[in-house]
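Have a look at the structure below before the remarks.
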Amino acid sequence: GENVEQHPSTLSVQEGDSAVIKCTYSDSASNYFPWYKQELGKRPQLIIDIRSNVGEKKDQRIAVTLNKTAKHFSLHITETQPEDSAVYFCAASSNYKLTFGKGTLLTVNP
Amino acid sequence: GAGVSQTPSNKVTEKGKYVELRCDPISGHTALYWYRQSLGQGPEFLIYFQGTGAADDSGLPNDRFFAVRPEGSVSTLKIQRTERGDSAVYLCASSLAGGTNEQFFGPGTRLTVL
Chain X
1 GENVEQHPST
11 LSVQEGDSAV
21 IKCTYSDSAS
31 NYFPWYKQEL
41 GKRPQLIIDI
51 RSNVGEKKDQ
61 RIAVTLNKTA
71 KHFSLHITET
81 QPEDSAVYFC
91 AASSNYKLTF
101 GKGTLLTVNP
Chain B
1001 GAGVSQTPSN
1011 KVTEKGKYVE
1021 LRCDPISGHT
1031 ALYWYRQSLG
1041 QGPEFLIYFQ
1051 GTGAADDSGL
1061 PNDRFFAVRP
1071 EGSVSTLKIQ
1081 RTERGDSAVY
1091 LCASSLAGGT
1101 NEQFFGPGTR
1111 LTVL
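Just so you know, the protein sequences line up as chains X and B, in that order.
Just so it is clear: in the first sequence, position 90 is 90 by the numbering used here, and no numbers are missing.
One rule links them: number in the numbering used here = place in the second sequence (from 1) + 1000.
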């Protein structure tokens, strides 16, 4: 089955800096890669996703890149704000089943 | 519109007891999923429903776990003879259809087995 590795497990940045979270996956059949943000005690919420026919996708301060050859994808957050502080999960899927990474705790210090 | 809802939000039970966790998906969503999230981990897939049928239950840990969706809407996750290792947050998600469509998550039920 699919295996998703996520790094780093914790990330602390100053407000206004950029944050990058990286994930690798094992199943070459995976073609859908969503990123979820989960605040403490809350539900995971989709912030951006990318499909395998696209190499990069951007939505305001958030961007995701995908390298299918290397089987890795990354989340980039620019101009970070304190409200970006949360746990971020990457996931990979080839059908309906999402396989998640272990998460990255992002702390944005004001 | 209303998102995915789950009840109860918290459930404390004793080892060996039976529990039921309920999920109300977004209206019109035919696909429904259950995941389990342990502390410090990402959600782990348990089961996927397309309509009323369980299309994939390969993530259920053992035969103490069972889920139903009799009318293709509300789903109930049932755990028999609970064990302390079952303690986790149980998340439900729904999507408009199966396949790689966006999955919308509920707030979860935090299950604690004493």
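Quick reminder that beta carbons are idealized off the backbone N, C-alpha and C, glycines included.
{"query": "Burial state of B:Leu1060, where buried means 16 or more other Cβ atoms lie within 10 Å", "result": "buried"}
{"query": "Inter-residue Cα distance where the pair is X:Leu98 and X:Val20", "result": "21 angstroms"}
{"query": "Nearest-angstrom Cα separation, counted from X:His72 out to X:Ser44", "result": "For the record, residue 44 of chain X in the displayed sequence is Pro; it is not Ser. Whole-angstrom Cα-Cα distance: 22 angstroms."}
{"query": "Candidates X:Ile50, X:Lys58, X:Ser30 and X:Glu39, of which the one nearest X:Thr78 by Cα", "result": "X:Lys58"}
{"query": "Cα-Cα separation, B:Gly1040 to B:Gly1051", "result": "32 angstroms"}
{"query": "Own chain partners of B:Gly1072 with C-beta closer than 6 angstroms, once the 5 adjacent residues on each side are dropped", "result": "Gly1051 and Thr1052"}
{"query": "For B:Leu1114, the nearest candidate out of B:Pro1043, B:Ile1047, B:Ala1067 and B:Val1019 (CA to CA)", "result": "B:Val1019"}
{"query": "Proximal chain X residues relative to B:Thr1007, where beta-carbon distance stays under 9 angstroms", "result": "Going along chain X, no residue has its Cβ under 9 angstroms from B:Thr1007, so there is no contact; the nearest lies around 14 angstroms."}
{"query": "Nearest neighbour of B:Ala1055, chosen from B:Arg1064, B:Arg1069 and B:Asn1062 [CA to CA]", "result": "B:Arg1069"}
{"query": "Element boundaries [beta strand (DSSP E), containing X:Ala19]", "result": "Ala19 to Tyr25"}
{"query": "Coil, strand or helix - B:Gly1085 by DSSP", "result": "helix"}
{"query": "Stretch-stretch touch, CB-based, cutoff 8 angstroms, three pairs: the stretch 32-48 of chain X with the stretch 86-106 of chain X", "result": "yes"}
{"query": "Within-8 angstroms CB hit, X:Asp84 to chain B", "result": "no"}
{"query": "Chain B residues whose Cβ lies nearer than 7 angstroms to that of X:Ser26", "result": "In chain order: nothing, as chain B lies at least about 15 angstroms away."}
{"query": "Where B:Glu1071 sits in the DSSP three-state scheme", "result": "coil"}
{"query": "Beta carbon of B:Val1089 nearer than 8 angstroms to that of B:Asp1024", "result": "no"}
{"query": "Cut-off 8 angstroms between Cβ atoms - residues of its own chain near X:Glu15, not counting five sequence neighbours on either side", "result": "Thr80, Gln81, Pro82, Val108, Asn109 and Pro110"}
{"query": "Proximity of B:Leu1032 and B:Thr1109 at Cβ, strictly below 8 angstroms", "result": "no"}
{"query": "CB contact below 8 angstroms: X:Pro44 versus chain B", "result": "yes"}
{"query": "Residues within the stretch 1041-1059 of chain B neighbouring chain X, beta-carbon criterion of under 9 angstroms", "result": "Gln1041, Gly1042, Pro1043, Glu1044, Phe1045, Tyr1048, Gln1050, Ala1055, Asp1056, Ser1058 and Gly1059"}
{"query": "Proximity of B:Ile1026 and B:Phe1104 at Cβ, strictly below 8 angstroms", "result": "yes"}
{"query": "Buried/exposed call for X:Asp84, threshold 16 Cβ in 10 Å", "result": "buried"}
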